[in-house]
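In what follows, a single structure is set out as structure tokens and then discussed.
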Amino acid sequence: MNRLQQAMAPKPSSRRKGAGPSTRRRMLLVIGILGIASLGLVARAFDLQVVRKQFYQDQGDARFLRVMPIAVSRGTIFDRNGEPLAVSTPMVSITCVPSEVLDNADRIPALAQALGTNADELKSYLEQRADRDFAYLRRQMSPEAAQAVLAVGIPGVNGQREYKRYYPSGEVTRTCSVSPTSTTTARKAWSWRSTTGWPASRAPSA
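The sequence shown maps to residues 2 to 207 in the working numbering.
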């Protein structure tokens with residue numbers, strides 16, 4: 002290679018002073034920023050999932066969970082002959098917010114008439130409970146009678162569905178017949194009547 006070619010050949014480029022950070026420094030800067038961001042995300046996740054976990058769970062439950070009492074009836078119980086022994090029938094209890102009813106004091110006589118009570122006694126009852134948010138006016142009324150009370154349309158008076166258990170045949174009790182002729186017969190009577198009743202083929206003779 003002659004001198005002319007050497008003179009024309011490109012020389013290796015050199016960084017000029019003050020031209021900015023090198024590529025390596027730029028990479029280190031980017032990696033450092035990403036590392037700091039990752040640490041911040043991990044710290045935030047730890048705060049949400051561990052440190053303040055219960056707080057956020059309570060906040061979520063407060064927005065989505067509701068407790069609502071649902072009145073249900075117990076099933077009818079039948080004896081072996083198909084006769085009902087215990088039956089649940091729907092009833093309605095009349096409830097109220099005393100302060101709201103007292104705000105419409107001119108309508109208390111109509112409410113008392115629908116409830117079948119004295120207006121002065123009803124007003125006194127409400128005044129004694131004016132600081133409460135709930136009070137019973139009448140428990141377990143028939144649906145028809147309760148509807149007549151609600152039809153008066155007084156603000157603060159509501160109906161609450163309930164069920165009443167009753168026994169068409171009265172209370173069921175265990176009884177036994179003791180024959181005076183034989184202690185053995187009496188024991189058999191108690192054994193069979195307190196468990197399975199009187200089988201026709203095993204009924205003790207008098």
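Note that beta-carbon positions come from the ideal geometry of N, C-alpha and C, so glycine has one too.
- In this structure proline 85 touches proline 169 by the C-beta definition: roughly 5 Å separates them, less than 8 Å.
- In the pairwise beta carbon analysis, the stretch 45–63 is classified as not touching the stretch 95–112: fewer than three pairs are separated by under 8 Å.
- Assigned with DSSP and collapsed to three states, tyrosine 164 falls in strand.
- Its Cα nearest to that of arginine 140, the residue Val93 stands out among Ala152, Asp134, Val93.
- For serine 100, the uninterrupted alpha helix (DSSP H) segment begins and ends at 99–103.
- Check the Cα spacing between proline 110 and each of Val153, Met142, Gln129, Asp80: the tightest is with Val153.
- With respect to the C-alpha of arginine 166, the residue from Val88, Leu66, Tyr57 having the closest C-alpha is Val88.
- When DSSP states are grouped into helix, strand and coil, leucine 66 belongs to the coil group.
- Out of Ala149, Val51, Thr90, the CA that lies nearest to the CA of glycine 117 is found in Ala149.
- For arginine 162 and methionine 142, the gap between their C-alpha atoms comes out near 10 Å.
- The distance from the Cβ of leucine 151 to that of glycine 157 is about 12 Å, inconsistent with a contact at the 8 Å cut-off.
- Between alanine 113 and leucine 123 a beta carbon distance of about 5 Å is seen, short of the 8 Å cut, so the two are scored as contacting.
- With contacts defined by Cβ atoms closer than 8 Å, asparagine 105 and isoleucine 155 form a contacting pair.
- In this structure, Leu103 is the residue among Asp121, Leu103, Ala115 with its C-alpha nearest to the C-alpha of arginine 133.
- Bounds of the beta strand (DSSP E) holding glutamine 141 are 136–142.
- Your pair threonine 77 and tyrosine 164 does not check out as a contact, with CB atoms roughly 12 Å apart and the cut at 8 Å.
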